[in-house]
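Student: By UniProt numbering, the letter at position 87 of the sequence shown is numbered 87, and the numbering carries on one by one without gaps. The structure is given below, and queries will be raised subsequently.
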Amino acid sequence: MQHVRHLLESKGNQVYSVQPDTPVLDAIKQMAERGIGALLVLRGDALAGIVSERDYARKVILRGRASSSTSVSEIMSANVLTIGPDASVEECMRLCTDSRVRHLPVIENGRIVGVVSIGDLVKAVIDDQAQEIEHLQRYIVS
1 MQHVRHLLES
11 KGNQVYSVQP
21 DTPVLDAIKQ
31 MAERGIGALL
41 VLRGDALAGI
51 VSERDYARKV
61 ILRGRASSST
71 SVSEIMSANV
81 LTIGPDASVE
91 ECMRLCTDSR
101 VRHLPVIENG
111 RIVGVVSIGD
121 LVKAVIDDQA
131 QEIEHLQRYI
141 VS
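The following block contains the structure:
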């Protein structure tokens with residue numbers, strides 16, 4: 001089973017973020033432009049929270065708030081679960097499932113070094129299974 005460090009090596013460790021006072025509309029535009037579902041919310045280099053499309057739908061749209069006048073800090077999730085680069089994909093899958101989250105910031109030595117999504121984790125599991133099937137097929141044939 002892979003570790004987060006390996007996922008980041010293959011997918012890259014680009015981190016997209018906004019500041020807490022960013023209007024929600026700007027954050028949603030950035031997510032749409034980048035094809036991502038969440039942004040980290042940073043105060044300087046410190047992780048203050050995470051804002052997702054789900055936060056937008058539930059805390060802005062359903063409550064009739066204005067996207068342009070609501071700040072990210074008003075809707076972000078402040079208690080962010082994080083992982084280290086040596087966490088296994090299996091551990092991360094369990095954490096996402098049990099906590100019902102879709103994105104995990106990766107922290108190493110107090111610094112944000114990447115983000116993994118549930119999609120990244122599922123892809124890693126599928127890739128591992130495909131390799132195992134291939135090895136078993138070669139073993140059976142030989």
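Yeah, the Cβ is synthetic: ideal placement off N, Cα and C, and Gly gets one too.
(1) Which residue marks the beginning of the beta strand (DSSP E) containing Leu-42, and which one marks its end?
(2) Helix, strand or coil, according to DSSP, for Ser-71 in the structure here?
(3) Report the partner residues of Ile-50 according to the DSSP bridge assignment.
(4) In whole angstroms, what separates the C-alpha of Gly-64 from that of Thr-70?
(5) Counting Cβ pairs, one atom from each stretch, are 3 or more of them under 8 Å apart for the region 104-112 and the region 71-90?
(6) Please report the Cβ distance between Val-18 and Leu-39, rounded to the nearest whole angstrom; I am assuming they are in contact, meaning their Cβ atoms lie under 8 Å.
(7) Any heavy atom of the ligand FMN inside 7 Å of the beta-carbon of Thr-82?
(8) What is the DSSP secondary structure of Val-12, counted as helix, strand or coil?
(9) For Asp-86, which of Gln-131, Val-116 and Met-31 has the nearest alpha-carbon?
(10) Taking the alpha carbon of Glu-9 as the reference point, which residue from His-135, Met-31 and Ala-124 has its own alpha carbon closest?
(11) Should Ser-52 be labelled buried (16 or more other beta-carbon atoms within 10 Å of its own) or exposed?
Tutor: Taking the geometry as given:
(1) Here the beta strand (DSSP E) through Leu-42 covers 38-43.
(2) Per DSSP, reduced to three states, the secondary structure at Ser-71 is strand.
(3) Note: Ile-50 is bridge-paired with Leu-40 and Ser-77 in the DSSP secondary-structure output.
(4) Answer to the nearest angstrom: the Cα atoms are 11 Å apart.
(5) Segments in contact, yes.
(6) Indeed they touch by this definition, with Cβ atoms about 5 Å apart.
(7) What this structure holds is no ligand at all, so the ligand FMN is not there to describe.
(8) It should be noted that the sequence gives Gly, not Val, for residue 12. In this structure, Gly-12 counts as coil in the three-state DSSP scheme.
(9) Residue Val-116 is the option with its Cα nearest to Asp-86.
(10) The alpha carbon of Glu-9 has as its nearest neighbour, out of His-135, Met-31 and Ala-124, the alpha carbon of Ala-124.
(11) Ser-52 is classed as buried because its beta carbon has at least 16 other beta carbons within 10 Å across all chains shown.
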